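Student:
Numbering (the UniProt record's numbering), first residue to last: 1 to 188.
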């Protein structure tokens, strides 16, 4: 910026020198040379104006660059916010992965529960079969109770037979005595 201003000042200084020369030439009535010098002054002024325009453009460019820097700062802030959001998204994805694992575990648990239910169904069938067997056992025990009663009756029958045998034995003894008495009677 300062260099452009310095460059712009140089043509102005040269123009001033030429104007001084024009004034001297004017006094000498050298109008032609004065016109040439004035033309050179105009060219130098044009160059000075161009350089000043460039300096103004540089000022505008600096302002625009400042605005660009501000926008870049805002972009950096937005990128920081985006990074934070991405971090949150990664945490949520991690939680989703844990949920997926939990769902898989729940599926495995459901399969195990289904297998457990099948085993319980088999247990129920076995229990039903056991109940049928117990019913048969009860019937057999009922029959055994009847056998016990029959055995008691047979025992009573045996006792009666024993008593009958004893009576028969006593009768036999009596018959033997009778026979002896008959033998004695015949003998007499």
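Ideal Cβ placement from N, Cα and C applies to all residues, glycine included.
Here the structure is a predicted model, which means the values were calculated and not measured.
Do residue 44 and residue 14 come within 7 Å of each other at the CB atom, strictly closer than that value?
Tutor: The residue labelled residue 14 in the question sits at position 14 within the chain shown. The residue labelled residue 44 in the question sits at position 44 within the chain shown. At the C-beta level, residue 14 and residue 44 come within 7 Å of one another.
Student: According to DSSP, simplified to helix, strand and coil, what is residue 177?
Tutor: Within the chain shown, the letter at position 177 stands for residue 177. DSSP places residue 177 in helix when its eight states are reduced to three.
Student: Suppose you measure from the CA of residue 162 to the CA of residue 124; what does that come to, to the nearest Å?
Tutor: Looking up residue 162 in the chain shown gives position 162. Looking up residue 124 in the chain shown gives position 124. Between residue 162 and residue 124, the C-alpha separation is close to 55 Å.
Student: When the Cα atoms are used, what is the spatial distance from residue 153 to residue 143?
Tutor: Within the chain shown, residue 153 is the residue found at index 153, counting from 1. Within the chain shown, residue 143 is the residue found at index 143, counting from 1. Between residue 153 and residue 143, the C-alpha separation is close to 15 Å.
Student: If you draw a straight line from the C-alpha of residue 109 to the C-alpha of residue 145, how long is it?
Tutor: The count along the chain shown starts at 1 and reaches residue 109 at position 109. The count along the chain shown starts at 1 and reaches residue 145 at position 145. Rounded to whole angstroms, residue 109 to residue 145 spans 52 Å at the Cα level.
Student: Could you tell me the alpha carbon to alpha carbon distance between residue 96 and residue 133, rounded to whole angstroms?
Tutor: Along the chain shown, one-based indexing puts residue 96 at 96. Along the chain shown, one-based indexing puts residue 133 at 133. Between residue 96 and residue 133, the C-alpha separation is close to 54 Å.
Student: I'd like the ranges of any beta strand (DSSP E) spanning at least 3 consecutive residues and lying wholly in the segment 108-154.
Tutor: At a cut-off of 3 residues, not a single continuous stretch assigned as beta strand (DSSP E) sits fully inside the segment 108-154.
Student: Alpha carbon to alpha carbon, how far is residue 224 from residue 181?
Tutor: Because the chain in this structure spans residues 1 to 188, residue 224 falls outside the shown range and cannot be described.
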